[in-house]
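K.L.:
In the working numbering, the protein residues as written are 1291 to 1608. A virtual CB, placed ideally from N, CA and C, is assigned to each residue, including glycine. The model shown is predicted, which means the values in this text are computed figures rather than measured ones.
(1) Skipping 5 residues on each side, what residues in its chain have a beta carbon closer than 6 Å to that of residue 1589?
(2) Of the residues 1423, 1434, 1374, which one's Cα is nearest the Cα of residue 1412?
(3) Ignore the nearest five residues each way along the sequence and tell me which others in residue 1436's own chain have a CB closer than 7 Å to its CB.
(4) Which residues in the same chain as residue 1410 place their Cβ atom closer than 6 Å to its Cβ, once the five residues preceding and following it in sequence are excluded?
(5) Pick from 1360, 1359, 1380, 1363: whose alpha carbon is nearest that of residue 1343?
(6) May I have the straight-line CA-CA distance separating residue 1576 from residue 1513, to the nearest angstrom?
(7) What are the boundary residues of the alpha helix (DSSP H) that includes residue 1587?
(8) Using alpha carbons as the reference points, say which of 1349, 1419, 1388 lies closest to residue 1265.
(9) Under the three-state reduction of DSSP, which class applies to residue 1562: helix, strand or coil?
(10) Classify residue 1455 as helix, strand or coil using the three-state DSSP reduction.
(11) Cα separation between residue 1322 and residue 1578?
(12) Just to confirm my understanding: we take residue 1567, look at its own chain, exclude 5 residues before and 5 after, and list those with CB closer than 6 Å. What are they?
(13) From 1345, 1534, 1387, 1334, pick the residue whose C-alpha is nearest to that of residue 1368; which is it?
(14) Locate the alpha helix (DSSP H) running through residue 1239, then write down its first and last residues.
(15) Within 10 angstroms of its Cβ, does residue 1528 collect 16 or more other Cβ (buried), or is it exposed?
(16) Count the other CB atoms within 10 Å of the CB of residue 1480; is the residue buried (16 or more) or exposed (fewer)?
(17) On the premise that residue 1544 lies in contact with residue 1586, defined as a C-beta separation below 8 Å, what is that separation, rounded to the nearest angstrom?
(18) Determine the direct distance from the alpha carbon of residue 1511 to that of residue 1555, and round the result to whole angstroms.
(19) I'd like the span of the alpha helix (DSSP H) that includes residue 1429, first residue to last.
(20) Am I right that residue 1388 and residue 1469 are in contact with their C-beta atoms under 8 Å? What's the rounded C-beta distance?
(21) Pick out whichever of 1486, 1525, 1557 has its Cα sitting closest to the Cα of residue 1454.
(22) Helix, strand or coil for residue 1413? Go by DSSP, reduced to three states.
(23) What does the Cβ neighbour count give for residue 1334, buried or exposed, with the cut at 16 atoms within 10 Å?
(24) What residue from 1583, 1347, 1450, 1354 has the CA that sits closest to residue 1561's CA?
(25) Would you call the CB atoms of residue 1541 and residue 1395 closer than 7 Å?
(26) Of the choices 1383, 1525, 1492, whose alpha-carbon is the least far from that of residue 1341?
(27) So residue 1506 is in the alpha helix (DSSP H); what residue range does that whole segment cover?
(28) Look up residue 1377 in the DSSP assignment and say whether it is helix, strand or coil.
(29) Thinking C-alpha only, which one of 1397, 1548, 1495 is nearest residue 1522?
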């Protein structure tokens, strides 16, 4: 295990602030790497995945643009203009941060599947919920599992389906699209954007379905806070809803450098210090768990999280 110096007591505030500063630097640095032409910069799997997701997002929108404006060969148009539109997405810290969070989620899910045979789609808890006698719970679980299966497939392809964006980020993407077309705005493009907004149903997206399942479970959602039972997706959604943190921030907190935030989130939702340690060891098996968590009560952990700033990376509803 790494010889990590873990903060105790009030020093957790310092660790949390340090983590916030790191989060604040993440999107600008990623944006720079994503825009770089030097392919050697893409040796990092996370950067390559985020780039792939944003380019896929650009291609989807460009296909819609080609169809709306009557262009022939929409695939060729998307291929020709994909990088240019993607550059606008690379410059948007909210889009970059969201894709980064999804990439971190998938990295953890893949690691737990490889190391502990935890299915990234059908976790033990999800399997139990699908067979639940309460049909509302069973139905919500089935919908969430189907969405998770789509997510797994998309991540393996480094894709970001437009329909899976949170509503505020769809708006960000469409604003970037407007900027991309600033010299070629037309009634056709305006109508295409309007149709995209009208057809978009955030409630059908994976994040909404997972959140709805957690809410439907009520106190039973505590089982999802054991990552080996709930699986990564349900674990993150349950922890985000119960801690009051955005889901993206909770996903980013699974990075080793953000362990103080993850520990405080787990403590804030009522896990005992030894339970927090068990979850951290499962997520970071080669790192020492934090010492002194017993000095931080549930209320104080929640207060520390509430006082912390994430420098623009926290968005409502995710």
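P.N.:
Once the coordinates are examined:
(1) Start at 1 with the first residue of the chain shown, and residue 1589 comes out as number 299. The answer is none, since no qualifying residue turns up.
(2) Within the chain shown, residue 1412 is the residue found at index 122, counting from 1. Answer by Cα proximity: 1434.
(3) Looking up residue 1436 in the chain shown gives position 146. So the list is empty, once near-sequence residues are dropped.
(4) Taking the chain shown and counting its residues from 1, one reaches residue 1410 at position 120. Once the five neighbours on either side are set aside, the close Cβ partners of residue 1410 are 1399, 1403, 1442.
(5) As a position in the chain shown, residue 1343 is number 53, starting the count at 1. Here the closest residue by C-alpha is 1380.
(6) For the purposes of this step, residue 1576 is identified with residue 286 of the chain shown, where counting begins at 1. For the purposes of this step, residue 1513 is identified with residue 223 of the chain shown, where counting begins at 1. Their backbone Cα atoms lie some 24 Å apart in a straight line.
(7) Locating residue 1587 in the chain shown gives position 297, counting from the first residue. Segment: none, residue 1587 is in no alpha helix (DSSP H) and carries neither H nor E.
(8) The requested residue 1265 is not part of the displayed model; the chain covers only 1291 to 1608.
(9) For the purposes of this step, residue 1562 is identified with residue 272 of the chain shown, where counting begins at 1. Coil at residue 1562, not helix or strand.
(10) Counted from its first residue, the chain shown places residue 1455 at position 165. Of the three classes helix, strand and coil, the one that applies to residue 1455 here is coil, per DSSP.
(11) If you number the chain shown from 1, residue 1322 lands on position 32. If you number the chain shown from 1, residue 1578 lands on position 288. Low confidence applies here, because residue 1322 scores a pLDDT of 49, under 50, leaving its location unreliable; read the following figure in that light. Near 33 Å, if we compare the C-alpha coordinates of residue 1578 and residue 1322.
(12) For this step, residue 1567 is matched to residue 277 along the chain shown. Result list for residue 1567: 1579, in chain order.
(13) Indexing the chain shown from 1 puts residue 1368 at position 78. For the residues 1345, 1534, 1387, 1334, the minimum Cα distance to residue 1368 belongs to 1345.
(14) Here the chain has residues from 1291 to 1608 only, and residue 1239 is not among them.
(15) Taking the chain shown and counting its residues from 1, one reaches residue 1528 at position 238. The residue is buried, with at least 16 neighbouring Cβ atoms inside 10 Å.
(16) Translated into positions along the chain shown, residue 1480 becomes position 190. Exposed is the call here.
(17) For the purposes of this step, residue 1586 is identified with residue 296 of the chain shown, where counting begins at 1. For the purposes of this step, residue 1544 is identified with residue 254 of the chain shown, where counting begins at 1. Not confirmed; about 20 Å, so no contact.
(18) As a position in the chain shown, residue 1555 is number 265, starting the count at 1. As a position in the chain shown, residue 1511 is number 221, starting the count at 1. Near 15 Å, if we compare the C-alpha coordinates of residue 1511 and residue 1555.
(19) The residue labelled residue 1429 in the question sits at position 139 within the chain shown. Looking at the DSSP string, the run of the alpha helix (DSSP H) that includes residue 1429 is 1425-1446.
(20) Stepping through the chain shown from its first residue, residue 1388 is reached at position 98. Stepping through the chain shown from its first residue, residue 1469 is reached at position 179. Contact doesn't hold; Cβ gap of about 18 Å is too wide.
(21) Residue numbering aside, residue 1454 sits at position 164 when the chain shown is read from its first letter. Considering only alpha carbons, the answer is 1486.
(22) Along the chain shown, read from residue 1 onward, the residue named residue 1413 stands at position 123. Three-state DSSP puts residue 1413 in coil, outside helix and strand.
(23) In the chain shown, counting from the first residue as 1, residue 1334 sits at position 44. Burial call: exposed.
(24) As a first step, residue 1561 is located in the chain shown; it is residue number 271 there, counting from the start. Out of 1583, 1347, 1450, 1354, 1583 has the C-alpha closest to the C-alpha of residue 1561.
(25) As a working note, residue 1541 is residue 251 in the chain shown. As a working note, residue 1395 is residue 105 in the chain shown. Yes. Within cutoff.
(26) Taking the chain shown and counting its residues from 1, one reaches residue 1341 at position 51. Cα-wise, what sits closest to residue 1341 is 1383.
(27) Residue mapping note: residue 1506 aligns to position 216 of the chain shown, counting from 1. Its alpha helix (DSSP H) spans residues 1496-1507.
(28) Taking the chain shown and counting its residues from 1, one reaches residue 1377 at position 87. Residue 1377 falls in the helix class under three-state DSSP.
(29) Within the chain shown, the letter at position 232 stands for residue 1522. When each option's Cα is compared against that of residue 1522, the closest is 1397.
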